[in-house]
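One structure is given here, and the rest of the page talks about it.
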Amino acid sequence: MKNPFEYGGIVGQDAFCNRVVEQNDLRRAADNGDRLLVYAERRMGKTSLVRRVLEQLPIDSYLPIYIDLWTTNGTRSFSVQVAKATAEAAERRAEKMLVTAKDLFRYLTPSVSIDDTGNPSVQFGARAAVADVPQLEDVLQAPLKLAQRRKKKVVVVLDEIQRIAEYADDAVERTLRSVVQEPSGVAWFFLGSRKHLIQHMFSDKSRPLYRSAGHYPLESIHVDDWTPFIQDRFKAAGKHVSATHVAELCTRTEGHPYYTQHFAHDLWEITGAGEAVTEKHLVDAEYLLLRRLSHSYTVLWESLTPNQRTLLRGLALSDGSLSTFSAGFLADTGLAASSAHRAAEGLLSEDVIDRGPDGFVITDRFLRRWLAAL
Ligand SMILES: Nc1ncnc2c1ncn2[C@@H]1O[C@H](COP(=O)(O)OP(=O)(O)O)[C@@H](O)[C@H]1O
Ligand SMILES: [Mg+2]
Numbered sequence: 356m357k358n359p360f361e362y363g364g365i366v367g368q369d370a371f372c373n374r375v376v377e378q379n380d381l382r383r384a385a386d387n388g389d390r391l392l393v394y395a396e397r398r399m400g401k402t403s404l405v406r407r408v409l410e411q412l413p414i415d416s417y418l419p420i421y422i423d424l425w426t427t428n429g430t431r432s433f434s435v436q437v438a439k440a441t442a443e444a445a446e447r448r449a450e451k452m453l454v455t456a457k458d459l460f461r462y463l464t465p466s467v468s469i470d471d472t473g474n475p476s477v478q479f480g481a482r483a484a485v486a487d488v489p490q491l492e493d494v495l496q497a498p499l500k501l502a503q504r505r506k507k508k509v510v511v512v513l514d515e516i517q518r519i520a521e522y523a524d525d526a527v528e529r530t531l532r533s534v535v536q537e538p539s540g541v542a543w544f545f546l547g548s549r550k551h552l553i554q555h556m557f558s559d560k561s562r563p564l565y566r567s568a569g570h571y572p573l574e575s576i577h578v579d580d581w582t583p584f585i586q587d588r589f590k591a592a593g594k595h596v597s598a599t600h601v602a603e604l605c606t607r608t609e610g611h612p613y614y615t616q617h618f619a620h621d622l623w624e625i626t627g628a629g630e631a632v633t634e635k636h637l638v639d640a641e642y643l644l645l646r647r648l649s650h651s652y653t654v655l656w657e658s659l660t661p662n663q664r665t666l667l668r669g670l671a672l673s674d675g676s677l678s679t680f681s682a683g684f685l686a687d688t689g690l691a692a693s694s695a696h697r698a699a700e701g702l703l704s705e706d707v708i709d710r711g712p713d714g715f716v717i718t719d720r721f722l723r724r725w726l727a728a729l
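The opening residue of the sequence shown carries number 356 in the numbering used here; numbering runs sequentially from there.
As structure tokens, this is what we get:
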């Protein structure tokens with residue numbers, strides 16, 4: 356029997372837990388043509404949630420456009436990515452896709468091919484002789500045009516929005532601001548992690564996207580929702596896990612979706628058919644999980660400077676959170692204040708730590724446990 360707990364990819368209907376309130380909130384926002392910033396640390400389930408909402412929108416009245424910005428690195432690749440997603444969302448058949456792409460994007464030269472799965476896919480040819488910004492404006496107007504022409508509500512999702520803060524200039528941010536402010540039948544969802552970058556982008560007065568979207572932080576999934584989800588999946592395989600043991604699992608993962616699925620996956624694996632989960636199973640599952648993660652943690656550890664390692668281990672031992680570089684902390688770790696700050700900046704930009712409510716936190720819960728056990 357296939358392990359029912361999935362982690363890593365986008366989870367669809369069969370592996371999707373709860374988020375009922377969030378789905379309703381997002382559906383309402385789509386309906387109202389709102390602009391929303393959905394943010395949370397990595398692997399909290401932003402993409403899975405939004406994709407699920409998009410899938411369930413009735414296609415006769417909505418046109419969803421999902422754009423992943425992960426691989427983009429500047430204005431031009433942003434434009435191409437948006438144009439591609441827009442054309443592919445607007446049409447299903449290859450011939451029509453080509454016609455629509457040519458019509459919508461005056462400055463790009465599209466072609467359409469059929470991919471391995473038999474679906475048409477748009478590519479854009481060599482750079483047209485036009486500057487980046489007019490091209491960008493043209494591309495970002497396309498969802499507005501589609502909303503008008505089709506008489507549908509268009510929902511544009513820009514996933515990994517923090518990427519645009521890393522582009523060489525702020526042309527995308529500025530253009531995006533003017534486009535999302537136009538009254539239109541378009542809802543804009545921005546999805547992002549890396550809190551410090553996102554906060555900068557949307558809460559800093561000097562930035563173009565300042566106050567351009569409502570904030571929608573995504574939290575962990577509550578143990579009350581995980582309990583039936585996990586118990587049912589054990590039961591379907593003739594295995595048993597008590598609510599108490601699920602609660603213990605969720606304490607260790609803090610209900611974080613990725614880690615909860617990962618832990619449940621390993622726990623399910625080591626529990627035999629007909630068996631009931633015991634305390635020992637939990638311990639063994641955590642051991643297995645840390646062993647599986649150990650390789651990537653070692654690679655990360657080896658990429659750090661000595662001061663970064665010292666700071667990180669100090670953080671892990673101090674419960675993973677640190678309000679200030681207190682004298683006690685500095686004395687314990689032997690770091691000078693200036694070195695500690697420099698090390699923290701480096702770890703922050705590498706996404707290893709983030710600013711939490713009370714100071715720096717190691718975002719990855721199991722990295723924290725792995726470090727503490729070193
Ligand atoms: N609603 C959910 N129910 C169950 N598991 C989830 C849910 N949302 C996320 N997950 C788990 O978290 C992992 C990461 O989800 P993803 O949507 O990629 O997060 P993000 O986009 O925030 O990085 C998934 O592979 C899955 O294991
Ligand atoms: Mg994602």
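Even glycine gets a Cβ: it sits at the ideal position worked out from N, Cα and C.
Does DSSP put residue i in a helix, a strand or coil?
| i | result |
| --- | --- |
| LYS508 | strand |
| HIS600 | helix |
| ASP423 | strand |
| SER476 | strand |
| TYR462 | coil |
| ARG646 | helix |
| LEU418 | strand |
| HIS611 | coil |
| SER561 | coil |
| PRO731 | Residue 731 cannot be examined here, being either before or after the span of the chain that is shown, 356 to 729. |
Would residue i be called buried (16 or more neighbouring beta carbons within 10 Å of its own) or exposed?
| i | result |
| --- | --- |
| TRP425 | exposed |
| THR582 | buried |
| GLU377 | buried |
| PRO712 | exposed |
| ALA497 | buried |
| GLN517 | buried |
| LYS590 | exposed |
| LYS401 | buried |
Residue i to residue j, Cα distance in whole Å?
| i | j | result |
| --- | --- | --- |
| ALA440 | LEU463 | 14 Å |
| LYS507 | LYS500 | 10 Å |
| ARG505 | LEU495 | 17 Å |
| ASN379 | LEU412 | 11 Å |
| PRO612 | TYR565 | 30 Å |
| SER432 | VAL707 | 27 Å |
| TYR652 | ASP719 | 10 Å |
| ALA692 | LEU685 | 7 Å |
| PHE479 | PRO489 | 16 Å |
| VAL512 | LEU729 | 41 Å |
| GLY714 | ASP687 | 18 Å |
Taking the CB atoms as reference points, tell me whether residue i and residue j lie closer together than 9 Å.
| i | j | result |
| --- | --- | --- |
| ALA640 | ARG723 | no |
| HIS595 | LEU637 | no |
| ALA486 | VAL510 | no |
| GLU443 | VAL405 | no |
| LYS550 | GLU396 | yes |
| PHE545 | LEU648 | no |
At which residues does the beta strand (DSSP E) containing residue i begin and terminate?
| i | result |
| --- | --- |
| LEU391 | 390 to 394 |
| LEU690 | From DSSP, LEU690 is part of no beta strand (DSSP E); its letter is neither H nor E. |
| GLY714 | 714 to 717 |
| PHE544 | 541 to 547 |
| ILE585 | Unbroken run through ILE585 is the alpha helix (DSSP H), 578 to 590; no beta strand (DSSP E). |
| ARG710 | 708 to 711 |
Taking residue i as part of the alpha helix (DSSP H), name the residues at either end of that continuous run.
| i | result |
| --- | --- |
| GLY569 | That residue, GLY569, is in no alpha helix (DSSP H); its beta strand (DSSP E) goes 569 to 572. |
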